[in-house]
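Notes follow once the structure below has been shown.
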Amino acid sequence: QKAKGKDGFTIFENCMHLNSIKFIQLSNRLREALPNKELLLYFQPQYDIRTGELFGLEALIRWNHPTKGFIPPIEFISIAEKTGYIVELSEWTLKTAIEQKREWDKKGLPSVKIAINMSGCVITNTKVFENICNILDELKIQPGEIEVEVTETAVMMELDKAKIHLQKLKEYGISIAIDDFGSGYSSLNYLNLLPFDILKIDYEFLNKIKNKEDESLIYQTIIRLAHDMNLSVIAEGVETIEQLEFLKKYQCDIGQGYYYCKPIPAIEIEKLLLSEISM
Ligand code: C2E
Ligand code: CA
Ligand code: CA
Ligand code: CA
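Written as structure tokens, this is what we have:
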């Protein structure tokens with residue numbers, strides 16, 4: 251917004267200045283977060299809606315800042331994307347998630363797939379992507395171990411590259427989910443152009459439904475469209491039993507949200523996996 255008066259302009263300028271100072275401070279500080287071991291992964295379970303069985307775990311990054319407390323990922327991920335630090339961050343997330351999964355497997359806990367969020371630049375930048383492939387080789391990724399979530403905004407600028415790179419990920423046996431579907435400029439085109447296996451419907455979409463016929467109809471139609479295209483559907487942001495009933499009725503495959511479980515630290519996931527055995 252442009253300020254009119256001279257004073258207004260000064261305020262605007264100061265504001266920008268403050269923001270850029272904050273940006274630089276936070277981005278500098280973020281580089282220390284890894285060596286200081288302030289970053290950790292939380293995991294949120296995903297469930298098969300029909301059977302109620304555990305389907306997978308989405309890895310969600312957390313920054314536990316010593317004085318500021320938990321800083322939301324949307325805040326620092328966007329900084330990391332702008333400064334290029336996202337490369338190191340993505341490597342760390344991938345390694346940590348896989349190592350964690352293998353530790354659970356070694357303990358004899360039920361083996362579940364881990365979903366990992368990947369920023370657009372990781373998918374569309376050739377150099378960065380090659381780096382990720384090196385890690386996948388190093389870790390000797392097995393088919394079915396991981397799923398990668400990408401948002402459409404992340405890939406739409408570089409469709410050709412995204413297509414090649416996502417295809418490469420599939421050769422590792424990694425399944426690909428389109429994240430936040432229904433938010434932003436969903437173009438049905440991407441569904442055809444890119445090799446997706448799973449469609450995740452954005453949580454705001456589900457929350458909009460409430461009692462609105464139209465929204466509910468669109469939701470149902472997305473589920474049907476996805477199924478016609480051989481994609482599995484994950485509903486995110488399942489918060490209530492009513493929403494779950496709705497999803498059941500329209501044959502949504504997988505649910506994720508506070509109704510089932512919040513994102514929780516690894517130690518709590520371990521308990522959850524243990525209770526799956528004794529069930
Ligand atoms: P996302 O991929 O859409 O992740 C889902 C977000 O919804 C998570 O927020 C989760 O905590 C939240 N959520 C889960 N269940 C519910 C629910 O029932 N109701 C509501 N209202 N929200 C729910 P979170 O953990 O704050 O993550 C925010 C975003 O940050 C993620 O959105 C993802 O885009 C990004 N992010 C998180 N971890 C990573 C990462 O390791 N790498 C990258 N590139 N991005 C990440
Ligand atoms: Ca996600
Ligand atoms: Ca999402
Ligand atoms: Ca989101």
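Numbering (UniProt numbering), first residue to last: 251 to 529.
Ideal Cβ positions, reconstructed from N, Cα and C, are used throughout, including at glycine.
Worksheet item: Where does C305 fall in DSSP's three states?
Response: Taking the first residue of the sequence shown as position 1, residue 305 is located at position 55. Per the sequence shown, residue 305 should be read as Phe rather than Cys. Three-state DSSP puts F305 in a strand.
Worksheet item: So what's P295 in DSSP terms, helix, strand or just coil?
Response: Within the sequence shown, the letter at position 45 stands for residue 295. It is a strand residue.
Practice prompt. Please list the segments of the beta strand (DSSP E) lying wholly inside the segment 422-459, counting only runs of 3 or more residues, in order along the chain.
Written response: 425-431, 448-451
Fill in: The beta strand (DSSP E) enclosing Q506, as first and last residue numbers
Your numbering for residue 506 matches position 256 in the sequence shown. Start and end: 504-506.
Worksheet entry | Those runs of the beta strand (DSSP E) which lie wholly inside the segment 305-350 and span at least 3 residues | 319-321
Worksheet item: Starting from I396 and walking both ways along the beta strand (DSSP E), at which residues does that stretch end?
Response: Taking the sequence shown and counting its residues from 1, the one referred to as residue 396 is at position 146. 396-401 is the span of the beta strand (DSSP E), which, as asked, contains I396.
Discussion item. Looking only at its chain, what residues have a beta carbon closer than 7 Å to the beta carbon of L409, apart from the 5 residues adjacent to it on each side?
Written reply: As a first step, residue 409 is located in the sequence shown; it is residue number 159 there, counting from the start. Excluding positions up to five away in sequence, the list reads L443.
Discussion item. For a quick check, are the C-beta atoms of D503 and I299 less than 8 Å apart?
Written reply: Residue numbering aside, residue 503 sits at position 253 when the sequence shown is read from its first letter. Residue numbering aside, residue 299 sits at position 49 when the sequence shown is read from its first letter. The answer is yes: Cβ separation under 8 Å.
Worksheet entry | Beta bridge counterpart(s) of A365 as assigned by DSSP | For this step, residue 365 is matched to residue 115 along the sequence shown. Bridge partners of A365: E308, E397.
Fill in: Neighbour-count burial assignment, P513, 16 or more Cβ in a 10 Å radius
As a working note, residue 513 is residue 263 in the sequence shown. It counts as buried.
Worksheet item: Any idea what DSSP makes of S482, helix, strand or coil?
Response: Here residue 482 refers to the residue found at position 232 of the sequence shown. Three-state DSSP puts S482 in a strand.
Worksheet item: Buried or exposed: which applies to N375, given that a residue is buried once 16 or more other Cβ atoms fall within 10 Å of its Cβ?
Response: On the sequence shown, residue 375 is found 125 positions in, with the first residue counted as 1. Counting Cβ neighbours within 10 Å, N375 comes out buried, since at least 16 surround it.
Worksheet item: Going by other Cβ atoms of all chains shown within 10 Å of its Cβ, with 16 needed for buried, is E402 buried or exposed?
Response: Reading the sequence shown from its first residue, position 152 is the one you call residue 402. Label assigned to E402: buried.
Item to complete: Report yes if the C-beta of E486 is less than 7 Å from at least one heavy atom of ligand 6; otherwise report no.
Response: Ligand 6 is absent from the structure shown, which contains only ligand 1, ligand 2, ligand 3 and ligand 4.
Worksheet item: Sorted by chain position, which residues of the same chain lie with C-beta nearer than 6 Å to K252's C-beta, five sequence neighbours on each side aside?
Response: As a first step, residue 252 must be located in the sequence shown, where it is residue number 2. In this predicted model, K252 has a pLDDT of only 43, less than 50, meaning its place in the structure is not dependable enough to derive any value.
Fill in: Proximity test, D429 beta-carbon vs ligand 2 heavy atom, cut-off 7 Å
Position 179 of the sequence shown, counted from the start, is the residue given in the question as residue 429. Correct: D429 has its Cβ closer than 7 Å to ligand 2.
Worksheet item: Does the segment 484-497 come close enough to the segment 273-289 that 3 or more CB-CB pairs lie under 8 Å?
Response: no
Worksheet entry | Inter-residue Cα distance where the pair is Q296 and I311 | Stepping through the sequence shown from its first residue, residue 296 is reached at position 46. Stepping through the sequence shown from its first residue, residue 311 is reached at position 61. The alpha-carbon atoms of Q296 and I311 are separated by roughly 16 Å.
Practice prompt. Please list, in chain order, all residues of the same chain as Y508 whose beta carbon is under 6 Å from its beta carbon, the five residues on each side excluded.
Written response: If you number the sequence shown from 1, residue 508 lands on position 258. Counting only Cβ-Cβ distances below 6 Å, and skipping sequence neighbours, we find E489.
Worksheet item: Rounded to whole angstroms, how far is the Cβ of M368 from the Cβ of V398, which I believe are closer than 8 Å?
Response: On the sequence shown, residue 368 is found 118 positions in, with the first residue counted as 1. On the sequence shown, residue 398 is found 148 positions in, with the first residue counted as 1. Indeed they touch by this definition, with Cβ atoms about 5 Å apart.
Fill in: First through last residue of the alpha helix (DSSP H) which encompasses N381
Taking the first residue of the sequence shown as position 1, residue 381 is located at position 131. 376-389 is the extent of the alpha helix (DSSP H) around N381.
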